[in-house]
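This report concerns only the one structure given below.
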Amino acid sequence: MAQMNMKEAIRDAMRVELKRDPNVIIFGEDVGHVGGVFRTTEGLQKEFGEDRVFDTPLAEAAIGGLAVGLGIQGFRPIAEIQFVGFIYEAMDQMCVQAARMRFRSGGRYNSPIVFRTPFGGGVKAAELHTDSLEGLMIQTPGIKVVVPSNPYDAKGLMIAAIRDNDPVFFMEHLNLYHAFRAEVPEDDYTVELGKASIVREGKDVTILAYGLMVHTAMKAAAELEKEGVQAEIIDLRTLMPLDIDTIVASIKKTNRAIVVQEAQKTSGVAAEVIAQINEKAILHLEAPVLRVAGPDTIYPFAQIEDQWLPNPARIVAAVNKVLNF
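Quick note on numbering: the sequence shown equals residues 119 to 443 in our numbering.
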């Protein structure tokens, strides 16, 4: 089995699908000869040609519109938005056109599109290049939102996303691209969309996270273990649809939970997770569910980025708060 980092695993997923299905095409800013700003598509144009892997102008609205048009013509476009902060230019195409295509056409057309984009902080880049806008996207019916946390999941989720007949917003934390290597099958496999993963078993508290925050939560769990606290960590993997059944099963075991997100606190994924826990498992809770999140400010300059981002110490403090409620 090959050792891959997350960037290589995502590239391998796209290579598998480009080989398997002639209708899969990739486009975006600099994704061709250059291979993308993070080299995620490096080598794919040379291998599959300029008709299937090609550059676009610096125009996100046009990238989104092209994806919608190709989708209804039977192609399976993979459209790269270079940084998540640039999606505002393409939100009409993603949220108003692609996400509603099946409903609007009475099932005659669909939008089998993957919108890929890096997101997240920790690399000392400027705001708009490091934002976390998943909270905006989960409010859009008709579009799935996926955030992998490791190379194995990234490849399996990407293949599943490409094969899905509805649009998928695929968010890749840029601090995970080169973070570590892991075993990834070189063959074809999928990881089911809408299914969370229990990455650490525990009995005292459930920590719910996704993307880079899964690893931050694991560091917190190691600290908690020194205090005799066994934390269960769930990697949400897909934010829309949310795997509430796995979450509720864990709550029934631990009776306490916190949700960790890198994005600003208000009206985000954590708020939605807590609302669904309250709807479906409130009688199993021994304490309120807390959030650990970024402050409700614009993403800061690099000098104070480390203070802004959620860290293991804040997670440990939140866990102790729910344990001592």
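Idealized CB from N, CA, C, for every residue including glycine.
CB of Asp271 within 7 angstroms of CB of Lys313, strictly: no
Buried or exposed for Leu422, please, with buried defined as at least 16 other CB atoms from any protein chain shown within 10 angstroms of its CB. Per the sequence shown, the amino acid found at residue 422 is Ile instead of Leu. With fewer than 16 other Cβ atoms within 10 Å, it is exposed.
Contact between the stretch 280-292 and the stretch 143-151: three or more CB pairs below 8 angstroms? no
Can you round the beta-carbon distance between Ile376 and Ala436 to whole angstroms, since I take them to be within the 8 angstroms contact cut? 5 angstroms
Jot down the residue ranges of each uninterrupted beta strand (DSSP E) in the stretch 264-347, minimum 3 residues, whole runs only, in chain order. 286-291, 300-302, 315-318, 323-327
For the stretch 372-390 against the stretch 412-421, are there 3 or more C-beta pairs whose distance is under 8 angstroms? yes
Would you identify the three-state DSSP class for Arg220, choosing helix, strand or coil? helix
Only counting the same chain, and skipping five residues up and downstream in sequence, which positions put a Cβ closer than 7 angstroms to that of Gly161? Gly153
Give me whichever residues DSSP pairs with Pro195 in a beta bridge. Ile143
Quick one, which of Leu401, Glu390, Ala420, Asp424 has its alpha-carbon nearest Leu408's? Glu390
Following the continuous alpha helix (DSSP H) through Met124, name the residue where it begins and the one where it ends. 124-138
Note down the Cα distance separating Met209 from Gly260, rounded to an integer number of angstroms. 13 angstroms
7 angstroms Cβ cutoff met for Thr324 and Ser368: yes
What does the Cβ neighbour count give for Pro428, buried or exposed, with the cut at 16 atoms within 10 Å? buried
Distance CB(Pro195)-CB(Ile231) smaller than 7 angstroms: yes
Which residue's Cα is closest to the Cα of Phe287: Glu304, Asp305, Val264? Val264
Counting pairs of beta carbons, one from the stretch 126-143 and one from the stretch 187-207, are three or more of them closer than 8 angstroms? yes
In this structure, how does DSSP classify Met212 when only helix, strand and coil are distinguished? helix
Alpha carbon of Glu350 to alpha carbon of Ile392, nearest angstrom: 16 angstroms
Please report the residue range of the alpha helix (DSSP H) in which Ala185 lies. 178-190
What is the rounded straight-line gap between the Cα of Ile205 and the Cα of Thr258? 14 angstroms
Status (buried if at least 16 other CB within 10 Å, exposed otherwise) for Glu168: exposed
Measuring only the C-alpha atoms, how far is Ala405 from Leu184? 49 angstroms
Cutting at 7 angstroms between CB atoms, please list the residues of its own chain near Lys137, excluding the five before and the five after it. none
Three-way DSSP call (helix, strand, coil) for Lys262 in this model: strand
Please name the residue or residues paired with Glu350 in a DSSP beta bridge. Thr324
Would you kindly work out how many angstroms separate the C-alpha atoms of Lys439 and Gln348, rounded to a whole number? 15 angstroms
Evaluate Arg355 with the Cβ neighbour count: other Cβ atoms within 10 Å of its Cβ, from every protein chain shown; 16 or more gives buried, anything less gives exposed. buried
Three-state secondary structure assigned by DSSP to Pro236: strand
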